[in-house]
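What follows is a single structure, written as structure tokens, with notes after it.
Protein chains: 2
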Amino acid sequence: MTTADNTATATGASPVVPTRGPRRGASVGEVRWDATSFWGTRIRTNAENTFDHCVAWMERLGWLENFDRVASGEETVDRPGWQFSDSEVYKLLEGLAWEMAREPNDALTGIYDGLVARVAAAQDEDGYLGTAFGHPGLPQRYSDMSMGHELYNMGHLIQAGVARLRTYGEDTLTRVATRAADHICREFGQDGRQTLCGHPEIEVALAEFARATGDDRYLEQARLFVDRRGRGTLPVRVLLAADYFQDDVPVRDAEALRGHAVRALYLSAGAVDVAVETEDAELLDVLQQQWVRTVERRTYITGGMGSRHQDEGFGEDWELPPDRAYCETCAGVASIMFAWRLYLATGQARHIDLIERTLFNVIATAQAPDGRAFFYANPLQLRTAPEAAVREEVNMRAEGGTRAPWFDVSCCPTNMARTLASIETYAAAVKHDVASVLLYGAGDIRVEIAGATLALRVDTAYPREGEVTLTVTEAPDTQIAVRLRVPQWAEGATGTTPDGVTQSVAGGWWDVRRVFTPGDTIVLSIPVEPRFSWPDPRIDAVRGTVAVERGPFVLCLEQTDLPAQIALENVSIDPAAPPRASDDGAVVRGAAISRPHVPTGRVPYDGALQASASHEAGQDIQLVPYHRWSEREPGTMRVFLPVALPTA
Amino acid sequence: MTTADNTATATGASPVVPTRGPRRGASVGEVRWDATSFWGTRIRTNAENTFDHCVAWMERLGWLENFDRVASGEETVDRPGWQFSDSEVYKLLEGLAWEMAREPNDALTGIYDGLVARVAAAQDEDGYLGTAFGHPGLPQRYSDMSMGHELYNMGHLIQAGVARLRTYGEDTLTRVATRAADHICREFGQDGRQTLCGHPEIEVALAEFARATGDDRYLEQARLFVDRRGRGTLPVRVLLAADYFQDDVPVRDAEALRGHAVRALYLSAGAVDVAVETEDAELLDVLQQQWVRTVERRTYITGGMGSRHQDEGFGEDWELPPDRAYCETCAGVASIMFAWRLYLATGQARHIDLIERTLFNVIATAQAPDGRAFFYANPLQLRTAPEAAVREEVNMRAEGGTRAPWFDVSCCPTNMARTLASIETYAAAVKHDVASVLLYGAGDIRVEIAGATLALRVDTAYPREGEVTLTVTEAPDTQIAVRLRVPQWAEGATGTTPDGVTQSVAGGWWDVRRVFTPGDTIVLSIPVEPRFSWPDPRIDAVRGTVAVERGPFVLCLEQTDLPAQIALENVSIDPAAPPRASDDGAVVRGAAISRPHVPTGRVPYDGALQASASHEAGQDIQLVPYHRWSEREPGTMRVFLPVALPTA
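Chains as they are written, first to last, in the working numbering: chain A, 1 to 648; chain D, 649 to 1296.
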């Protein structure tokens, strides 16, 4: 076992470090957002509150004690938690590893050491680690590959090991992860059990573990798992068909992501890793096509994915209902994982566009300001006002319009924790002599490039305001390029080079190439005025509506911003009056729909039911960023706003 | 045990025979639709094909052998079928009982006798009957009240017993049913187990058994079950919350139907029976209000109920997506059961309006013309063309756009069988000296009224054509009224009395009162020209669309009726051009939507994405009755047709 060996990259303390291809993302510490910036605030809250919060819940529910019981050999009776509860501990360990590297913290180190000791004690001699199978009172190991989640759990363990290897080096956790990975290779290798795990995750974990350790056995095992998928191996049952697990069609043959969204996205991320490391251009191309089709036809305006509560799954093309949108928080995390890997492999701005959209509208939405409550699902419309938020109980359902402290299936809080702890690594990248700034926030960037250091101070109130000023504080003495991402929606953006020349810049990349000297400034001005966004007319569920976006924020209308006498369900807005900026939201012109009276007890379809709305007598309707919904009070909400209907 | 004793009614051979209140529905044989009429054809197909078909599948899958094994005392290993598979046998027995009374048939009698013998042999000494619990190799009786379906199964057994009692009298089946009902009263009575069955059905069964036997113990037990519900008695688990079972809110306190649709509707039907028999006006009023709210806000234009695949459940108010509409066939059956009981209790035409809507658009849709394949779910839009229909395998999923011969959960085929065998009893009713004709079809009506016989010959091509001629062939010599239902949608309907006077008649009831003599004719002319039906603007999922109805038929557009170069998803219709009749469907003016081009790999929401359609250059688009969809070939379909969108 060696510590991280990433010869292909200058540094390598980030979640994804390809050994093939010239592009690398920022390492922990290379981008530091100010604590007062949009994401800096959230990162700090994560460190201060969320880790503690998650540990307390896992202790309270007995999910940690599960490890102790296995370690002691005691028989398990009525094990608390789902088969995948171990993974929450591992995701938290991954997050702790990143956060401890960002900012050393004795309290977090104490938590980390305590958790690692309990986890390590539960590992079997042969490397197997799991508290739901294979011990007294539990089912046999690998007796339920469809839903047992054993490899899924160990995959998260291995990802935690990767984080620790890259930020610290070998320790107890990395040794535990190595033994688990070795066990899996022995058990499921070319000559081992010819099966796979119902929930993908082990693929992406093993591929990265190969990168982190330099040991290609793990990559080969990841490749085997990717190739085995889609051949109907997993036992199915009613309500769990093969497409739920992506075991219906081989990865190479699929046209779009389908089935359970988190499963599909984790699998895709792992498959990109395999494609990149094995230089399988055909596989990479297929995955890119699947991503394009999925983004174009199966993705919400928030970046959210997963249209169905049933199966927590993708719907068909254009099946994007706002009210029953599932848009699981973990699917947002997984979508970022997939898109980030495609970006590293191809260098396309569109992948970062989606990541930004998802960050500001799914990730930012999923967490309460105090970091102690979460959305599991992120619908785009709530029709019935929920009761007051309950902060003291496990939420049994992944819906309801209020953030909950913990869930019965509680994958999202710990996924948020590890994502927020590593989010800065998505903000910049380096390829040869090009340093790309991908996400904008006030803070400092310091990357190794062309054998020297490029340091940039970023001053901006983005995304609330659109001007981003980059000041060079340290630079190589050779020519390099600073590449800035211009979001596709940023019509009318301009860029000003260090010599004061302002030019218009189109969506995509804007390169400023020169020998930089400290004091040089680059200014990117992105118009963040509110704008109407019309849905593709094939999205039946939102026909006759329009959304309002402002910069990267999707806006929404909450009942709490309407006069008491106007119900949200009756509001229609005037598309002839462009939205105007207001605070960090917007104001549109709206009116209340009036409906003809119909007799009672009849179905709501009728020759006379066409509604009308008088926008001439309209009034201002206040919209706020979607990520803030349900923060002030639980209530009804909608992103897509009805416009006046055509009359016959 | 006595045979049917329905002193309050002249006859009583129909599924619902209240002992309180003056109104009774037609008995089997009182209405006979011609074999060539819309429903007559289906009734005949049911008798000739469907019973056979169901028995063959239940034999093939081992669902019948389950009874034999219990009877023999043999240990059960890997019992085939769900916990509720017994109920399919009982529903088929109920259907056989009605059909054998309609039209004696030796083959069906043979099937009936064979099934009854096998069922009877499996009954325990104490009256318990069930093949999934309480025998060697099976879980203990009543060990899973939430999902065990034991009382649900026995409820269907008892309903079969009711049908047999009323059409034949005491026999082996009715004795078996009586022992089961007695067992349940002992086991779950006032001093017995204080619990209830996760799937309502026993309530409606026991209430009717009390009516059929005159024994009020059964009614009291039904009342207990209704009152126990909604108090959080049933153990819940993830994805099975209390509202799924209607165990969240007492029946008297609920505002609308919610949770699993079939459960909610069976429960409501049973609660009406209890309210009527115990003269509980308050409960009846609450149920009526729940029905109104449900019809007005949670019902599809087809009459279908159940907006969610998740939980097979009702959605919230206005949550009525056409694509993910569940509209389970059994929910259609159950909705008719609920509405029919409310009609008998209150005499309101709106209940029959809903029954007619449901019959022509859910029940007629659910069955293939050969009576050997069925829809489980009845969505109002299919976006992706299914593969060719598979007629030889069990369908594991309740969706897909093709009728299947049998399902893993196969509640619908046998529910169709019992409904079609008794459907004529919903077509007429008698109250004192008023004979109501509720549903129109060519055939003969012969009812006892005012101590004499009223016989009517009905000549009509309804619903294809709107003229209905009733000719009196036998009549009492006293004054009576013939009451005709005028559907609410029938604007411009006229009625012609026996003396040749034609008058316009409004939606609701039209009474013709006189001393009739043979040869008298009454003509009701119902306009069945195609018409636009606009959805209430609060139904977000179909905003900007319009449906077309023709008479009681909802129409739909199938890809197969479009030129090959026009994809269904691109069609928009012109609301300024009224639909014109064509065959039994309609023609509307349509055009293909054109969309601006957008770059690839972007989410489908954009400032430029508004679509336009040129209806001036429109072409004829053919619509067909929804009940015929997927009969010619599997393909995409939609009921709600997009209209031109407003442009900013």
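Virtual Cβ for every residue (Gly too), placed ideally from N, Cα, C.
Per DSSP, residue 612 of chain A lies in no alpha helix (DSSP H) segment and is marked neither H nor E. Taking a cut-off of 8 Å on C-beta distances, the segment 733-745 of chain D does not touch the segment 783-796 of chain D, as fewer than three cross pairs fall below it. One alpha carbon belongs to residue 619 of chain A, the other to residue 400 of chain A, and they sit about 30 Å apart. The segment 594-602 of chain A makes no contact with the segment 526-541 of chain A: fewer than 3 CB pairs, one atom from each, lie closer than 8 Å. About 13 Å separates the CB atoms of residue 120 of chain A and residue 131 of chain A; that is not less than 8 Å, and the two are not in contact. Going by beta carbons, residue 756 of chain D and residue 808 of chain D fall outside the 8 Å limit. Listed along chain A are 383, 384, each with a C-beta nearer than 8 Å to that of residue 965 of chain D.
In this structure residue 1265 of chain D is exposed. Its beta-carbon is surrounded by fewer than 16 other beta-carbon atoms within 10 angstroms.
A distance below 6 Å between beta-carbons, with the five flanking residues on each side excluded, links residue 1056 of chain D to the following residues of its chain, in chain order: 1042, 1044.
As for any beta strand (DSSP E) of minimum length 3 sitting wholly inside the segment 378-417 of chain A, there is none. Within chain A, the residues 296, 297, 535, 536, 539 have their CB atoms less than 7 Å from the CB of residue 1252 of chain D, given in chain order.
Between residue 641 of chain A and residue 545 of chain A, the gap from beta carbon to beta carbon is short of 8 Å. Restricted to the segment 878-948 of chain D, the alpha helix (DSSP H) segments that are unbroken, complete and at least 4 residues in length are 909-925, 929-945, listed in chain order. Within chain A, no C-beta atom comes less than 9 Å from the C-beta of residue 1207 of chain D; the nearest is roughly 14 Å away. Interface annotation, residue 593 of chain A: in contact with chain D, CB-CB separation under 8 Å. Neighbours of residue 949 of chain D in chain A, taken as residues whose beta carbon is under 9 Å from its own, are 603, 604, 605 in chain order.
Judged by DSSP in its simplified three-state form, residue 1143 of chain D adopts strand.
Contact of residue 569 of chain A with chain D is assigned, a C-beta pair being separated by under 8 Å.
Each of A/466, A/62, A/65 was checked against the Cα of residue 490 of chain A, and the nearest Cα belongs to A/466. In the displayed model, residue 532 of chain A falls within a strand according to three-state DSSP.
Distances from the alpha-carbon of residue 1165 of chain D to those of D/1145, D/1179, D/1183 put D/1145 closest. Below 8 Å, enough C-beta pairs join the segment 157-172 of chain A and the segment 212-226 of chain A to call them touching: three or more. Annotation: residue 317 of chain A is outside any alpha helix (DSSP H) and is labelled neither H nor E by DSSP. Short of 6 Å from the beta carbon of residue 733 of chain D, and not among the five residues preceding or following it, lie these beta carbons of its own chain, in chain order: 711. Ranked by Cα distance from residue 1163 of chain D, the options D/1220, D/1075, D/1098, D/1201 are led by D/1098. Taking a Cβ-Cβ threshold of 8 Å, none of the residues of chain D is close to residue 625 of chain A; the smallest such distance is about 16 Å. Apart from the 5 residues on each side of it in sequence, residue 1007 of chain D has no Cβ closer than 6 Å to any other Cβ in its chain. Under the DSSP assignment, residue 1101 of chain D falls in the beta strand (DSSP E) whose first and last residues are 1100-1108. Judged by DSSP in its simplified three-state form, residue 712 of chain D adopts coil rather than helix or strand. If you keep only unbroken beta strand (DSSP E) runs of at least 3 residues inside the segment 33-92 of chain A, you get nothing at all. Look at the segment 1035-1057 of chain D: the residues with a C-beta under 9 Å from a C-beta of chain A are 1044, 1045, 1056, 1057. Where residue 545 of chain A is concerned, the enclosing beta strand (DSSP E) starts and stops at 545-550. For residue 1204 of chain D and residue 49 of chain A, the gap between their C-alpha atoms comes out near 55 Å.
Around residue 323 of chain A, the beta-carbon contacts reaching into chain D at under 7 Å are 967, 1188. Taken in chain order, the segment 317-365 of chain A contains no complete beta strand (DSSP E) segment of 3 residues or longer. With a beta-carbon spacing of about 4 Å, residue 14 of chain A and residue 425 of chain A fall inside the 8 Å limit used to define contacts.
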